[in-house]
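Below: one structure, written as structure tokens.
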Ligand SMILES: [Zn+2]
Ligand SMILES: [Zn+2]
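In my numbering, the protein residues as written are 32 to 419.
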């Protein structure tokens with residue numbers, strides 16, 4: 032079968048293989064033919080592994096422990112597809128041949144303290160398919176049946192077309208973060224105007240945030256210049272943002288000051304809930320400055336390396352701020368809430384999300400073009416499809 036593999040952790044890029052052996056189905060597994068998969072920030076991190084030491088260490092944790100003992104894996108974890116084989120012990124109530132499905136790709140152990148107390152998403156022994164184990168940038172992927180999210184139960188392809196079904200995993204991160212922030216009736220600042228920031232904007236608006244601020248940092252030398260960021264901000268407004276700020280003082284003089292002035296004028300002298308979705312070091316300081324005393328900062332972005340500059344005394348202790356890490360999706364509360372939100376046409380969420388999906392899909396074999404479109408910010412969410 033076709034598959035994209037990370038061959039080694041000392042070089043950037045992936046390798047396309049046209050004749051990878053198909054994965055074997057255990058008796059509690061299902062085999063899924065991938066209809067569409069989606070490129071995520073994590074995949075980009077794995078792609079550019081030489082500049083992501085944290086990602087490399089994470090990948091090695093459950094795979095050899097050192098770069099020379101690493102076993103190449105198939106990457107990719109956001110996808111949807113059709114069940115083509117079902118293990119003998121799988122309950123047909125759960126999933127059956129031909130069902131249109133996606134899967135939670137975080138595999139929890141089921142026996143650790145977290146798993147046994149309703150917190151499977153932070154299982155102590157978690158393994159992530161596409162990061163530690165073989166993933167979904169392939170023609171077929173095998174997952175435990177208990178991880179399958181059966182989209183037939185939520186209206187099937189008609190309600191959740193593959194172009195949306197392909198990134199429910201990522202949307203689930205945004206839904207999880209916004210829900211943990213209890214944003215109804217509150218002011219919200221979202222740091223990072225990438226896929227997560229945009230999705231969180233749409234979800235926060237749907238869930239009743241009062242005013243939504245979104246920020247990002249334009250990079251005139253890189254691929255995210257003022258104009259591209261301006262286009263992103265336009266999308267953010269369509270998705271529900273009230274205010275958009277470029278925090279690059281040189282590229283956008285005065286905007287940073289306006290951001291802090293405006294946020295400082297909110298009731299209570301700051302923002303109720305800050306969602307950090309960029310992983311960029313300066314954003315953590317911004318979060319600390321923006322949040323009001325007694326407010327909440329939710330952390331979804333993952334910094335490339337340990338932070339050197341966050342002032343815990345000033346921004347957490349003195350302000351009585353709650354800091355909260357968000358990992359993955361609650362199994363399966365987040366999935367159910369997300370699919371219910373999507374099922375209601377009244378929320379308008381589906382139509383909003385449609386604006387961030389690139390109209391062009393890229394064949395798996397041309398993955399380099401796809402990754403370049405995402406890296407250069409030409410596309411927010413881009414789908415890869417196995418070539419026919
Ligand atoms: Zn992802
Ligand atoms: Zn566990």
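Note that the Cβ used here is the ideal one computed from N, Cα and C, for glycine as well. Please read these numbers as outputs of a predicted model, since none were measured by experiment.
Item: Beta-bridge pairing of residue 137 - partner residues as DSSP gives them; Value: 159
Item: Anticipated Cβ contact below 8 Å, residue 110 with residue 398, distance rounded; Value: Actually they do not touch by this definition, with Cβ atoms about 14 Å apart.
Item: Residues near ligand 1, criterion Cβ-heavy atom distance below 6 Å; Value: 71, 73, 108, 109, 200 and 201
Item: beta-carbon residue 137 near ligand 2 non-hydrogen atom, thresh 7 Å; Value: no
Item: Cβ pair residue 414, residue 194 closer than 8 Å; Value: yes
Item: Whole runs of the alpha helix (DSSP H) within the segment 331 to 415, excluding any shorter than 4 residues; Value: 364 to 374, 380 to 385 and 398 to 406
Item: Nearest residue (CA-CA) to residue 419, options 62, 67 and 37; Value: 67
Item: Contact test: residue 50 Cβ vs ligand 2 heavy atom, cutoff 7 Å; Value: no
Item: Sheet register partners of residue 68 (DSSP bridge); Value: 110 and 415
Item: Length of the line joining the Cα atoms of residue 375 and residue 388; Value: 20 Å
Item: Within 8 Å, strictly: CB atoms of residue 271 and residue 208; Value: no
Item: Among 243, 359, 308 and 146, nearest to residue 155 - alpha-carbon criterion; Value: 146
Item: DSSP state of residue 164 mapped onto helix, strand, coil; Value: strand
Item: Residue 142: CB within 7 Å of a non-hydrogen atom of ligand 2; Value: yes
Item: Supposed close pair residue 130, residue 183 - CB separation, criterion 8 Å; Value: 5 Å
Item: For residue 292, the three-state DSSP class (helix, strand or coil); Value: helix
Item: beta-carbon residue 23 near ligand 2 non-hydrogen atom, thresh 7 Å; Value: Because residue 23 is not part of the residues shown, which for the chain are 32 to 419, the question remains open.
Item: Delimiting residues of the beta strand (DSSP E) encompassing residue 427; Value: Because the chain spans 32 through 419 in this model, residue 427 falls outside it and cannot be assessed.
Item: Among 134, 133, 176 and 105, nearest to residue 124 - alpha-carbon criterion; Value: 176
Item: Among 369, 352 and 159, the one whose alpha carbon lies nearest that of residue 329; Value: 352
Item: Residue 160 beta carbon near ligand 3 (any heavy atom closer than 7 Å); Value: By its list of ligands, the structure shown excludes ligand 3, since it contains just ligand 1 and ligand 2.
Item: Residue 131, DSSP secondary structure in three states; Value: strand
Item: Residue 218 - containing beta strand (DSSP E), residue span; Value: 218 to 222
Item: Inter-residue Cα distance where the pair is residue 420 and residue 267; Value: For the chain, the structure presents residues 32 to 419; residue 420 sits outside this window and is missing.
Item: Distance CB(residue 332)-CB(residue 307) smaller than 8 Å; Value: yes
Item: Closer than 7 Å: residue 55 CB and nearest ligand 2 heavy atom; Value: no
Item: Inter-stretch contact at 8 Å, needing at least 3 Cβ pairs: the segment 130 to 139 / the segment 161 to 178; Value: yes
Item: Status (buried if at least 16 other CB within 10 Å, exposed otherwise) for residue 149; Value: exposed
Item: Residue 227 Cβ short of 7 Å to ligand 2 heavy atom set; Value: no
Item: The alpha helix (DSSP H) enclosing residue 46, as first and last residue numbers; Value: Careful: residue 46 lies outside any alpha helix (DSSP H), inside the beta strand (DSSP E) at 46 to 48.
Item: Residue burial classification, residue 365 (beta-carbon count within 10 angstroms, cutoff 16); Value: buried
Item: Residue 185 to residue 59 span [Cα, whole Å]; Value: 23 Å
Item: Sequence-distant residues of the same chain with beta carbon closer than 6 Å to residue 405, five excluded per side; Value: 70 and 413
Item: Ligand 2 heavy atom lying under 7 Å from the CB of residue 146; Value: yes
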